[in-house]
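Colleague: One structure coming up, written as structure tokens, with questions to follow.
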């Protein structure tokens, strides 16, 4: 498990660590207390991934296309 704060992770970092957490939990060889900590970390990582995906969807939705050429973009609020 990484010491990096979840809120500082990129989507790719959070997803990679989330996959690692799931793998460890699925193996079932982690003590109960560690499993609880892993589950909590996994929940935080999932939330981060969802937030980053939502941000990306908002950015994509703001791009207006005319054929294959963007005719205008509007920055998403807070970005």
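Residue numbers (our numbering): -10 to 68.
Glycine included, C-beta positions come from ideal geometry on N, C-alpha and C.
1) Excluding five sequence neighbours on each side, which residues of the same chain lie with their C-beta closer than 7 Å to the C-beta of residue -5?
2) If we call anything under 8 Å between Cβ atoms a contact, is residue 13 one with residue 27?
3) Measuring CB to CB, does residue 51 end up less than 8 Å from residue 0?
4) Where does residue 5 fall in DSSP's three states?
5) Using a 10 Å radius around the Cβ and a threshold of 16 neighbouring Cβ atoms, would you call residue 22 buried or exposed?
6) Of all the options 40, -9 and 20, which has the alpha carbon lying nearest to the alpha carbon of residue 8?
7) At what residues does the alpha helix (DSSP H) containing residue -8 begin and finish?
Modeller: So, to answer that:
1) Walking along the chain shown from the start, residue -5 turns up at place 6. Closer than 7 Å at Cβ, skipping near neighbours: 3, 33, 34 and 37.
2) If you number the chain shown from 1, residue 13 lands on position 24. If you number the chain shown from 1, residue 27 lands on position 38. Against a cut-off of 8 Å, the Cβ pair of residue 27 and residue 13 comes out as a contact.
3) Reading the chain shown from its first residue, position 62 is the one you call residue 51. Reading the chain shown from its first residue, position 11 is the one you call residue 0. No.
4) Position 16 of the chain shown, counted from the first residue, corresponds to residue 5. Helix at residue 5.
5) Locating residue 22 in the chain shown gives position 33, where the first residue counts as 1. Residue 22 should be labelled exposed.
6) Start at 1 with the first residue of the chain shown, and residue 8 comes out as number 19. -9 is the residue among 40, -9 and 20 whose C-alpha sits nearest the C-alpha of residue 8.
7) Working through the chain shown from its first residue, we reach residue -8 at position 3. No alpha helix (DSSP H) contains residue -8, which DSSP labels as neither H nor E.
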